[in-house]
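Inspection log for the structure reproduced underneath, given as structure tokens.
2 protein chains.
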Amino acid sequence: MRIIIVGGVAAGMSAASRAQRFDPKADITVFERGHYISYGACGLPYVLGGEVDDWDDLVARTPEQMQGRGIDVRMLHEVTGIDPQARTVTVTDLGAGRTFTEPYDQLLIATGVSPLYPEWAKADLANLNVLRDIHDGQRIAASLPDTGEVVIVGGGYIGLELAENLCRRGLSVVLLERGAAVARRILDQSYQGRIVDELTKHGVDVRCGVNVEALISEEGRVTGLHTSTGIVRAGAVVVATGVKANVGLLRDAGATIGATGAASVNARQQTSVDGIYAAGDNCESVHRVTKKPVHIPLGLTANRMGRVAGVNMAGGDSTFPGIVGSSIFKVFDLGVARTGLTQAEAEALGLQAVSIDLDSTDHARYYFDSQPISVRLTAEQGTGRLLGAQIIAQNHLSAKRIDVVAALLHQGSSVHDLFEMDLAYAPPFSGVWDVLLAAADKLSRKV
Amino acid sequence: MRIIIVGGVAAGMSAASRAQRFDPKADITVFERGHYISYGACGLPYVLGGEVDDWDDLVARTPEQMQGRGIDVRMLHEVTGIDPQARTVTVTDLGAGRTFTEPYDQLLIATGVSPLYPEWAKADLANLNVLRDIHDGQRIAASLPDTGEVVIVGGGYIGLELAENLCRRGLSVVLLERGAAVARRILDQSYQGRIVDELTKHGVDVRCGVNVEALISEEGRVTGLHTSTGIVRAGAVVVATGVKANVGLLRDAGATIGATGAASVNARQQTSVDGIYAAGDNCESVHRVTKKPVHIPLGLTANRMGRVAGVNMAGGDSTFPGIVGSSIFKVFDLGVARTGLTQAEAEALGLQAVSIDLDSTDHARYYFDSQPISVRLTAEQGTGRLLGAQIIAQNHLSAKRIDVVAALLHQGSSVHDLFEMDLAYAPPFSGVWDVLLAAADKLSRKV
């Protein structure tokens with residue numbers, strides 16, 4: 168059994184490990200075009216901020232460790248084509264400049280996503296960067312000015328995490344967002360403003376409704392941006408305007424690409440082409456609340472898809488259970504989390520949704536470090552079926568309570584079920600009625 | 168409709184509020200034998216430690232506020248008998264020394280629990296106390312010595328919380344526990360030792376396997392204890408050796424008392440006697456995992472039972488959903504939580520249970536304030552049905568993750584379900600595979 172895996176980060180290395188464990192005799196080769204495998208990409212902003220000491224700390228396993236387990240890892244090797252009839256891939260050794268073909272029985276394409284470059288950002292300047300991998304992170308660190316502003320373009324997860332972390336380095340941070348608020352695709356409108364408030368409180372200059380139109384550069388460095396509201400000076404720029412799935416290889420091989428732009432796979436992570444699997448950020452997954460394919464590239468999903476693909480390629484039988492769209496991030500002190508659908512998303516899908524907001528405290532109100540927490544809970548009118556939740560917690564760890572709702576979304580539970588839960592209580596942890604119970608109580612009287 | 172409620176703390180006041188809301192014309196009287204109503208008893212240790220500023224902070228509603236809502240609250244009134252045929256109660260006004268009878272249509276007995284006094288502790292000494300209510304807390308505060316040891320007898324929730332909080336006051340704390348370890352009825356044996364370690368690390372002198380045999384007193388004050396391992400000197404003693412349900416009134420009225428020693432009630436909180444309800448710490452509840460009645464007196468249960476009883480007494484229809492045995496407490500930095508059954512409890516019930524232990528970190532391992540967290544997960548052999556979980560987290564808030572398992576126990580989910588959950592991930596909140604997912608992965612391969 169000859170298994171080839173293209174891409175050596177979350178999905179690819181999970182697949183390699185699982186395939187090797189399932190069939191220790193399988194011949195497994197991983198081609199990675201970059202300098203690192205198996206690193207925690209979600210940790211990249213935190214190395215810039217100093218909460219993680221070193222880039223190498225993000226690396227879970229080195230190529231040497233994988234070689235020691237009998238997995239052949241080839242760094243700086245880019246796969247440029249697939250011949251699904253011959254079952255071969257074309258590979259370029261970027262170091263040696265040599266191109267060759269390799270046969271496979273089972274092939275996994277785990278090529279992840281690439282940052283979207285707006286037209287104005289298509290220039291090769293030392294202090295104009297994206298943050299996709301460790302190499303990018305190192306480039307950003309090297310490009311940061313001693314004085315002046317760092318401009319982040321884009322107010323999604325990465326832009327927001329970067330804003331906090333570059334602030335922690337003592338830099339003046341300007342965050343430019345095209346839309347009316349940050350976290351537009353993450354939270355309902357009423358909660359977006361709170362993120363802006365938290366950023367502003369910590370000195371980030373947040374400017375929403377600003378379109379970047381062109382770069383201003385000088386001697387190979389960006390020095391400013393022309394925007395819809397005037398010129399913004401910049402000592403460095405980081406572009407965080409979204410990502411697109413890397414599906415070129417799959418498309419060329421004839422595999423079905425979904426309407427989301429990501430690879431369409433079945434629950435076993437198989438593409439429409441025999442012998443070719445896909446896993447990770449370049450794939451769609453089924454949303455358990457809507458039963459529809461979505462493209463929500465996140466770390467746990469990628470790791471889980473990789474495990475499933477690895478087992479199946481090695482002759483096992485594993486299925487991906489779908490997702491419920493859970494995510495969480497930190498912006499300074501705030502923890503922000505969501506799962507399922509927002510009210511806006513539910514409405515866009517034609518669901519009869521009803522939401523309530525509940526503002527409370529994360530501990531007993533009388534306990535000394537009790538902090539504000541707000542929950543927005545959404546359910547289906549009539550049935551009471553839970554559709555989603557959003558949490559903003561001033562003590563960031565308390566946002567992890569979103570997992571209770573995530574679990575119930577998996578089980579198709581209702582808001583009435585949630586209200587009945589025997590959640591753990593003591594004053595240093597919650598109120599007698601945990602904020603989730605209080606929210607369920609309020610919503611159950613409205614559905 | 169004339170409703171009488173005996174006991175004005177968690178269950179009693181919840182019942183009064185709900186009954187009044189359901190039927191604003193109901194004539195509702197609450198008899199409370201103590202000085203306070205509607206206070207957060209779980210917060211008592213934290214006033215002693217200073218995490219809560221003042222005893223009054225624990226009080227959610229005053230008698231005056233309840234009177235303002237049309238609920239007649241009589242403080243220092245003790246109900247001493249029930250005539251279920253005549254539907255009257257006998258009441259003593261402790262202030263005036265007057266006894267009278269009052270008629271009722273619906274009666275709620277919400278008399279809670281009383282501390283167990285071992286034989287040796289049956290003495291009236293200023294610095295020998297229990298911690299059941301605000302009055303006790305004030306007595307303890309007044310009795311604490313400037314120098315010398317404070318001895319806590321009993322290593323359950325209250326003893327452990329007291330140990331931390333009296334330490335915070337700068338006192339020398341000795342904790343005496345009869346059994347081989349503390350938290351014996353809360354956790355499996357392997358986790359009990361960790362609590363001892365945490366106490367010891369913070370300077371508490373923990374002595375297990377020690378039986379107290381007699382008091383040593385002088386001039387109305389306890390000065391030491393005779394124990395099975397010698398004399399222990401004491402500047403003050405707090406007895407925390409457990410509680411018993413206050414069911415005397417109910418028993419005398421002919422109501423069924425369960426094998427646990429607490430009142431037997433149906434899901435509507437009705438006792439076996441027509442017109443008499445019971446709610447709160449003096450009641451049994453149904454454990455959703457075992458389907459059996461248990462007596463686990465805790466704050467959320469009491470509040471929820473009170474709401475149910477209040478609605479029903481006022482003519483509505485509400486049912487108590489049962490519990491899954493969730494609880495949580497803090498011992499210095501440690502958060503400790505459990506839900507469902509321990510391995511030992513499952514075995515004692517004749518269940519084929521299997522448990523695994525997983526030691527991990529609560530954030531991504533590379534994130535700066537990542538702290539150890541251990542999860543013990545228990546499921547039924549063969550079916551994989553989840554039976555329970557125990558968590559010990561060095562960052563106390565992370566123990567609240569127990570709620571995910573509590574929610575799944577409610578839904579009768581399996582360990583395989585848990586492993587499939589899309590829990591929220593970012594480095595400041597968890598590893599890619601949240602510790603619960605990692606534990607489920609490990610356990611799912613053993614059931």
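If you're matching them up, the sequences are chains A and B in order.
When we follow this note's numbering, the leftmost residue of the first sequence carries the number 168, and every step to the right adds one.
When we follow this note's numbering, the leftmost residue of the second sequence carries the number 168, and every step to the right adds one.
Note that CB positions come from ideal geometry on N, CA and C, so glycine has one too.
Identity of the residue in the options nearest residue i by Cα
| i | options | result |
| --- | --- | --- |
| Val130(A) | Ala227(A), Leu604(A), Phe596(A), Ala420(A) | This structure gives no information on residue 130(A), because the portion of chain A shown stretches from 168 to 614. |
| Ile171(B) | Trp222(B), Ala469(B), Val240(B), Ser494(B) | Val240(B) |
| Leu342(B) | Cys375(B), Leu590(B), Glu218(B) | Cys375(B) |
| Asp220(A) | Pro212(B), Ala531(B), Thr259(B) | Ala531(B) |
| Gly207(A) | Val256(A), Asp190(A), Ile301(A), Leu275(A) | Ile301(A) |
| Thr266(B) | Tyr284(B), Leu243(B), Ala177(B) | Leu243(B) |
| Ser494(A) | Thr486(A), Asp529(A), Ala566(A) | Ala566(A) |
| Leu508(A) | Ala309(A), Gly391(A), Arg352(A), Ala253(A) | Arg352(A) |
| Val542(A) | Gly551(A), Val503(A), Gly174(A), Arg552(A) | Val503(A) |
| Ala422(A) | Phe499(A), Pro251(A), Arg236(A), Ile238(A) | Pro251(A) |
| Leu564(B) | Ser537(A), Ile558(A), Leu575(A), Met168(A) | Ser537(A) |
| Val197(A) | Ser205(A), Val173(A), Arg185(A) | Val173(A) |
| Pro212(A) | Ile307(A), Lys411(A), Phe535(A) | Ile307(A) |
| Ala607(B) | Ile540(B), Thr550(B), Gln578(B), Leu525(B) | Leu525(B) |
| Val614(B) | Ala412(B), Gln557(B), Arg552(B) | Arg552(B) |
| Thr468(B) | Ala381(B), Cys209(B), Leu327(B), Met233(B) | Cys209(B) |
| Ser339(A) | Ile319(A), Leu354(A), Tyr358(A) | Ile319(A) |
| Ala412(A) | Ala193(A), Arg299(A), Val571(A) | Arg299(A) |
| Glu246(B) | Gln234(B), Gly235(B), Thr259(B) | It is Val, not Glu, that sits at residue 246(B) in the sequence shown. If we check each option's Cα against that of Val246(B), Thr259(B) comes out closest. |
| Phe535(A) | Ser597(A), Arg568(A), Gly482(A), Gln578(A) | Ser597(A) |
| Arg185(A) | Ala574(A), Asp313(A), Gly391(A), Arg236(A) | Arg236(A) |
| Arg435(B) | Val475(B), Phe499(B), Gly415(B), Leu274(B) | Val475(B) |
| Met588(B) | Ala574(A), His393(A), Val317(A) | Ala574(A) |
| Ala227(A) | Ala177(A), Ala591(A), Ile195(A), Gln273(A) | Ala177(A) |
Whole-Å CB distance - residue i paired with residue j, under 8 Å assumed
| i | j | result |
| --- | --- | --- |
| Arg635(B) | Gly315(B) | Residue numbering for chain B in the displayed model covers 168 to 614; residue 635(B) lies beyond these limits and cannot be assessed. |
| Ala350(A) | Gly322(A) | 6 Å |
| Tyr637(A) | Asn479(A) | An answer regarding residue 637(A) cannot be provided, because it is not within the stretch 168 to 614 covered by chain A. |
| Thr506(A) | Ala556(A) | 6 Å |
| Pro230(A) | Arg254(A) | Not quite, the Cβ-Cβ distance comes to about 25 Å (not below 8 Å), so this is no contact. |
| Ala420(A) | Cys450(A) | The Cβ separation is near 15 Å, so there is no contact. |
| Val377(B) | Ser395(B) | 6 Å |
| Val602(B) | Ile540(B) | 5 Å |
| Thr438(A) | Leu417(A) | 6 Å |
Buried or exposed by the 16-neighbour rule on C-beta atoms within 10 Å, applied to residue i
| i | result |
| --- | --- |
| Arg361(A) | buried |
| Leu554(A) | buried |
| Thr268(A) | exposed |
| Ile398(B) | exposed |
| Leu261(A) | exposed |
| Ser452(B) | buried |
| Asn433(A) | exposed |
| Gly473(A) | buried |
| Ser181(A) | buried |
| Gly179(B) | buried |
| Pro118(B) | One cannot answer for residue 118(B) here, as it falls past the ends of chain B, which runs 168 to 614. |
| Ser310(A) | buried |
| Lys497(A) | buried |
| His202(B) | exposed |
| Ile238(B) | buried |
| Gln561(B) | buried |
| Val528(A) | Before going on, a small fix: residue 528(A) reads as Thr here, not Val. Label assigned to Thr528(A): buried. |
| Gln359(A) | buried |
| Arg612(B) | exposed |
(request) Note down, one range per segment and in chain order, each beta strand (DSSP E) of at least 3 residues found wholly within the segment 207-276 of chain A. (result) 239-242, 244-250, 255-260, 265-270, 273-276
(request) Please confirm if the segment 531-549 of chain A is in contact with the segment 476-494 of chain A, defined as three or more CB-CB distances below 8 Å between the two stretches. (result) no
(request) For the segment 332-416 of chain B, list the beta strand (DSSP E) runs that are entirely contained and at least 3 residues long, ordered along the chain. (result) 339-344, 372-375, 379-385, 388-394, 397-400, 403-406, 410-412
(request) Could you tell me whether the segment 362-370 of chain A touches the segment 321-339 of chain A, where touching means 3 or more Cβ pairs closer than 8 Å? (result) yes
(message) Assess contact between the segment 402-422 of chain B and the segment 268-288 of chain B, defined as three or more Cβ pairs (one per stretch) separated by less than 8 Å. Is contact present?
(response) yes
(message) Does the structure place the segment 422-429 of chain B close enough to the segment 450-464 of chain B that three or more beta carbon pairs sit under 8 Å?
(response) The segment 450-464 of chain B makes contact with the segment 422-429 of chain B: 3 or more CB pairs, one atom from each, lie closer than 8 Å.
(request) Give the residues from the segment 420-439 of chain B that approach chain D closer than 8 Å (Cβ to any Cβ), ordered along the chain. (result) Judged by its chain identifiers, the structure shown contains no chain D, and its protein chains are A and B.
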